[in-house]
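Asker:
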Amino acid sequence: MKGDLKARWRKLLTLLDKQHPNARLELKFANPLELLVATILSAQCTDRRVNEVTKDLFRKYRPARDYAEADPAVFEEEIHSTGFYRAKTKSILACCRALVERHGGKVPDTMEALVQLPGVGRKTANIVLGNAFGKPGIAVDTHVFRVAHRLGLAKADDPDKVEQELNQVFPRPAWTRVTNLLIFHGRYVCKAARPDCPNCLLYALCPYPDKTPPTRKATGATKAVSTRGPRP
C-alpha cells in the first residue's frame with residue numbers, strides 16, 4: 078500500500094510539474110514582513126490585486142512599527158480595493174503591534190509563534206514559512222482544498238485536517254512545491270465552476286465524478302497559455 082501511495086504522488090507531482098512548470102507564489106515581497114502582510118491581504122482577493130496595492134503600501138510602510146503606528150482609517154483606504162478592508166486592517170495592525178511587542182519587530186520563523194499572532198492561521202503561517210524561510214509546509218487555501226478533494230487526496234471538511242491528510246501523502250521536502258502546484262492547478266485548470274478537464278494532464282488519474290467531458294482523447298497535450306500561468 079505504501080508503495081502504491083508513493084508511486085501515485087510521484088506520478089501526480091510529475092504531471093503537475095509538466096502542466097505548471099512556472100508554478101510559484103505570485104504574491105510579490107522582499108522580506109518576511111511584506112509576505113506576511115500580503116498574505117493577510119490576499120484573503121478573498123486575487124494576488125494580482127494585492128500586488129497592485131502593496132506596490133505603494135510597501136513603499137510607505139517599512140518596519141513592523143510603521144504598521145503598528147498606522148492610522149486605521151487611512152490604512153483602510155489604502156487597502157480598500159482588496160475587500161474586507163476593515164477586518165484586514167484590524168488584523169494587520171494588531172499583528173504588527175504583536176511583532177513589535179513580542180518579537181522585536183521581526184517575523185518569527187516557527188509555526189508555534191506565527192499562529193499566536195492576530196490574523197494568522199496555519200495557511201498564512203505555512204505560506205510565510207515555506208516562501209520566506211524555506212521551511213516546508215502545505216498551505217490549504219480554497220484552490221488546494223478543492224483540488225485535493227477532487228483528486229481524492231483528502232476527505233476532511235476542515236482545512237487544517239486537509240493539511241494533515243496532504244502531509245501524509247507527500248514527502249516533507251515537497252510540501253511548499255505541492256502548495257504552489259495545487260494553487261496553480263486550481264487557479265488555471267481545476268477551476269471551481271468550469272474545470273478545464275479536457276486540458277488537464279491528471280485527467281486519467283482524477284476520480285472526480287463531474288469532469289468536463291473531453292472534446293478529444295486526453296493525450297497529454299495541453300494549452301500552454303491557459304495552464305502554465307504567467308512567467309516570472
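Residue numbers for the sequence shown follow the working numbering, beginning at 78 and rising by one.
Each residue gets a CB set at the ideal place from its N, CA and C atoms; glycine is no exception.
Below 8 Å on the Cβ atoms is my guess for D94 versus L259; work out the distance and round it to an integer in Å.
Answerer: Not really, about 12 Å apart at Cβ, beyond 8 Å.
Asker: Per the contact definition of three or more C-beta pairs closer than 8 Å, is the segment 184-193 in contact with the segment 227-244?
Answerer: no
Asker: Taking only three categories from DSSP, how would you classify D182?
Answerer: Looking at the sequence itself, residue 182 is Gly, so the reference to Asp does not match. G182 falls in the coil class under three-state DSSP.
Asker: Have a look at R187 and L206 and give me their C-alpha separation to the nearest angstrom.
Answerer: Checking the sequence, you will find Thr at residue 187 rather than Arg. So the alpha carbons of these two residues sit roughly 7 Å apart.
Asker: Taking DSSP as the reference, what is the three-state secondary structure of K137?
Answerer: helix
Asker: Which residue comes first and which comes last in the alpha helix (DSSP H) that contains Q193?
Answerer: First-last for Q193: undefined, no H or E at that position.
Asker: DSSP three-state label for F106, please.
Answerer: coil
Asker: Comparing C-alpha positions only, which one of V266, R249 and Y280 sits nearest to A100?
Answerer: V266
Asker: Quick one: what's got a C-beta closer than 7 Å to T299's C-beta in the same chain, skipping five residues either side?
Answerer: Confidence at T299 is low in this model, with a pLDDT of 41, below 50, so its placement is unreliable and the value that follows should be read with caution. Apart from the 5 residues on each side of it in sequence, T299 sits with its Cβ closer than 7 Å to the Cβ of Q96, N276 and L278 in its chain, given in chain order.
Asker: Between V132 and T256, what straight-line distance do the alpha-carbon atoms span, to the nearest angstrom?
Answerer: The question names Val, but residue 132 is Lys in the sequence shown. About 24 Å.
Asker: Does the contact criterion of 3 or more C-beta pairs under 8 Å hold for the segment 244-251 versus the segment 208-218?
Answerer: The answer is yes - the segment 208-218 touches the segment 244-251, with three or more Cβ pairs under 8 Å.
Asker: Compare the C-alpha of K165 against each of P286, P195 and E178 and name the closest.
Answerer: Looking at the Cα atoms, P195 is the closest of the given residues.
Asker: Expressed to the nearest angstrom, what Euclidean distance is found between the alpha-carbon atoms of K232 and Q245?
Answerer: 13 Å
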